[in-house]
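Student: Right, I'll just put the structure down here and ask away after.
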Amino acid sequence: MAAVIERETVEHVARLARLRLGPEEVERMRQELSGILEHIELIQSLELDDVPPTTHVVALQNVLRDDTPRPSLPRELALREAPAVAHDGFEVRGWIETHA
């Protein structure tokens with residue numbers, strides 16, 4: 003069963019997304035989205051119960067270094083170039099304060 007998206011659906015979604023699409027763009031989006039749904043239907047029709055889930059196509063090994071403690075940057079050196087310092091740390095204004 004071929005998945006077909008109606009022209010009205012594309013126009014409705016475009017309005018919701020505040021997109022201004024011309025007639026050719028609406029038709030192209032309708033065809034592309036219909037094609038995507040057809041691919042999804044094809045994938046859903048496959049028998050995949052015995053296929054183990056994968057996170058990577060290629061097996062990865064040793065991609066992370068060991069998490070070993072090491073000395074940190076001295077506080078004075080870290081704060082030396084800071085634009086503002088408060089209570090022995092970086093002073094950061096809150097979002098509400100800067101956008102009120």
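Just add 2 to wherever you are in the sequence shown, counting from 1, and you've got the working numbering. Don't be surprised by glycine CBs; every beta carbon is placed ideally from N, CA and C.
1. For the alpha helix (DSSP H) that V28 lies in, which residues bound it at each end?
2. Would you tell me roughly how many angstroms separate the C-alpha atoms of V6 and E29, rounded to the nearest one?
3. Mind checking whether V15 and R32 have CB atoms under 7 Å apart?
4. With a threshold of 7 Å on Cβ separation, who are the neighbours of A86 within its own chain once the five nearest residues in sequence on each side are excluded?
5. Does any CB atom of chain C fall closer than 7 Å to the CB of H14?
Tutor: So, from the data block:
1. Start at 1 with the first residue of the sequence shown, and residue 28 comes out as number 26. Start and end: P25 to S47.
2. As a working note, residue 6 is residue 4 in the sequence shown. As a working note, residue 29 is residue 27 in the sequence shown. Taking the straight line joining both Cα atoms gives about 12 Å.
3. For the purposes of this step, residue 15 is taken as the residue at position 13 of the sequence shown. For the purposes of this step, residue 32 is taken as the residue at position 30 of the sequence shown. No; because the gap between Cβ atoms is not below 7 Å, this pair is not in contact.
4. On the sequence shown, residue 86 is found 84 positions in, with the first residue counted as 1. Answer for A86: E93, listed in chain order.
5. This model lacks chain C altogether; it includes just one protein chain.
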